[in-house]
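First up is the structure itself, then whatever we jot down about it.
Chains as they are written, first to last, in the numbering used here: chain P, 241 to 395; chain E, 241 to 395.
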């Protein structure tokens, strides 16, 4: 975000260069659901074969997914796709998308899926908190400051 | 996310239908930075004029931005664009994008911007927590369950 310096090294923009596209997010959604195989990805996302192939290759190139070979009896060897740590770290992003959609885009009956805490069953919420432990309600309680990589505007 | 039921009412997919595109996220980034005017949006995002115009119109149609007329001395009346509550609720999504990018895409010098708590100055972090107050580390501690709008697979 910009507060009087340049945006050409913006982290949002660079992230979108990798994941800023519907099919890519849907591939990641399925990866988080444990879907690993091309045919299953195709069924679940509805992505055209070539699009899916291109998106998976990109995510592997960028280190968000890794390919692991497998072989079904009587079949040729194929690859399955597994999330790397870098890919898994996109989880908060998927949760943000899902929660906003649940709030504003769900059918009258309610959201299709609820994320719950494995240990106690209570629904998951996403919070902002500062490193000193204060709860932060939203953008009005946040001040953007120049980071160590900030580039000042020349104008 | 999918756990044995259909994905055709997926909240992630529906959200991406509105915001799943690079320029739209960059427009939202600038809106959160307090940028309200077309020319400033254009400068900050680098979006082609027609693209920016289309994205702003879409965000207004979907109720994420609202138009408010203004008039500079000697100029015709124009509209500026302000976040609605619905738009402002996308903030966690922008924070997720930014933090992931800071971690994996930043230059060696570090991230360009740091979000800090207005009151104490400490950097902002995003956390997952369940409604019973337990901290949740990540996807492995989360179980997706059918929500009230879940559609069972017919097959």
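For every residue, glycine included, the Cβ atom is placed at its ideal position computed from N, Cα and C.
In terms of CA proximity to residue 258 of chain E, E:326 leads the group E:275, E:326, E:309 and E:279. The way I'd put it, the region 374-384 of chain E doesn't touch the region 245-264 of chain E; fewer than three beta-carbon pairs between them come closer than 8 Å. By the Cβ test, the region 270-289 of chain E is not in contact with the region 280-288 of chain P, since fewer than three Cβ pairs between them sit closer than 8 Å.
Here residue 387 of chain E is buried: its Cβ has 16 or more other Cβ atoms, across all protein chains shown, within 10 Å. Secondary structure note for residue 307 of chain E: its beta strand (DSSP E) is the uninterrupted segment 305-310. Annotation: residue 371 of chain P is outside any alpha helix (DSSP H) and is labelled neither H nor E by DSSP. Here residue 271 of chain P is buried, its C-beta having at least 16 other C-beta atoms within 10 Å. A direct Cα-to-Cα measurement between residue 278 of chain E and residue 267 of chain E gives close to 10 Å. Bounds of the beta strand (DSSP E) holding residue 384 of chain E are 382-386. Per DSSP, reduced to three states, the secondary structure at residue 282 of chain E is helical.
Of the other Cβ atoms in all chains shown, fewer than 16 fall within 10 Å of the Cβ of residue 301 of chain P; this residue is therefore exposed.
A distance below 6 Å between beta-carbons, with the five flanking residues on each side excluded, links residue 363 of chain E to the following residues of its chain, in chain order: 354 and 356. Rounded to whole angstroms, the separation of the alpha carbons of residue 292 of chain E and residue 282 of chain E is 7 Å. Listed along chain P, the residues sitting closer than 7 Å to residue 355 of chain E by beta-carbon distance are 382 and 384. Here residue 322 of chain E has 276, 305, 306 and 308 as same chain residues with Cβ atoms under 7 Å from its own Cβ, once five neighbours each way along the sequence are excluded.
In terms of Cβ geometry, residue 310 of chain P and residue 320 of chain P form a close pair [threshold 8 Å].
Listed in chain order, the positions of the region 307-322 of chain P with a beta carbon within less than 7 Å of a beta carbon of chain E would be empty, since no residue qualifies. At a C-beta separation below 8 Å, residue 329 of chain E has these neighbours in chain P: 340, 343 and 344.
Sixteen is the threshold: since fewer than 16 other Cβ atoms of the shown chains lie within 10 Å of the Cβ of residue 315 of chain P, the residue is exposed.
Residue 347 of chain P belongs to the set of residues whose beta carbon lies under 8 Å from a beta carbon in chain E.
Between residue 255 of chain P and residue 295 of chain P, the CB-CB gap reaches or exceeds 8 Å. Excluding sequence positions up to five before and after residue 335 of chain E, its CB lies within less than 6 Å of the CB of 366, all in the same chain and listed in chain order.
Within its own chain, the residues whose Cβ lies closer than 8 Å to the Cβ of residue 352 of chain E, once the five positions on either side in sequence are excluded, are 346, listed in chain order.
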